[in-house]
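Numbering (my numbering), first residue to last: 867 to 1079.
Below is the structure:
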């Protein structure tokens, strides 16, 4: 590519999703591990991401934050991998749909539920929990892929979201959710990403009082 790709992360955060995506692309990258409340809020990192959160990537002079945006950007760097459907193909619209459904309504509802701050369904973009869960279940039930007949970034994000939220107990373990998450968590890139993050987690113990990402 000719540009250095730098990954800002903490193994106890949602940045694990970006790690998995990086491994799927096969692109070389440098990692910078940040700690909650200290280096993540340092002036140097705030110049990269003013939110003081991870993940973030820097590709040359370009900075991208937010998991869905990062994953979509990385997929487009390696079109030969098929991690994103071709621009203009019928599958591209469905691909965008699931990326933003997960990053928007799903993330918002499950976070609100975890904190006990659910909004009025008429005002909230996520509507009702029942509607959202039914939509998720219909999307993955009996299927290996959300878009077309091969693995894409939409599958990665769906599997990562389902696996994480079931693990913390925010999402019920419906058979369709479990099957989809386990199928894709067994991919070599996912296994490699988890191994690296588990290694880093042992060296960077979780600090609940300072956790902000």
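No residue lacks a Cβ here, since even glycine has one placed at the ideal position from N, Cα and C.
As computed with DSSP, residue 928 is found in a beta bridge with 925. Cβ atoms of residue 992 and residue 998 come within 8 Å of each other, at about 6 Å. Per DSSP, residue 911 is one residue of the alpha helix (DSSP H) stretching across 909 to 912.
Exclusion of the five residues before and after residue 941 leaves 949, 950 and 1019 as the residues of its chain whose Cβ lies within less than 6 Å of its Cβ. In this structure residue 968 is not in contact with residue 893, their Cβ atoms being roughly 22 Å apart against a cut-off of 8 Å.
Inter-segment contact for the segment 1034 to 1054 and the segment 975 to 991 is present: three or more beta-carbon pairs are separated by less than 8 Å. Between residue 888 and residue 934 a beta carbon distance of about 15 Å is seen, past the 8 Å cut, so the two are scored as non-contacting. Bounds of the alpha helix (DSSP H) holding residue 939 are 933 to 943. Only residues of its own chain outside the window of five on either side were considered, and among them 875, 920 and 921 have a CB closer than 7 Å to the CB of residue 881, listed in chain order.
In this structure, the alpha-carbon of residue 945 lies about 13 Å from that of residue 954. An exposed status is given to residue 926, since fewer than 16 other beta-carbon atoms sit within 10 Å of its beta-carbon. Residue 947 sits in a helix when the DSSP states are folded into three classes. For residue 899, the enclosing beta strand (DSSP E) covers residues 896 to 899.
For residue 891, DSSP records no beta bridge to any residue. In the displayed model, residue 992 falls within coil according to three-state DSSP, outside both helix and strand.
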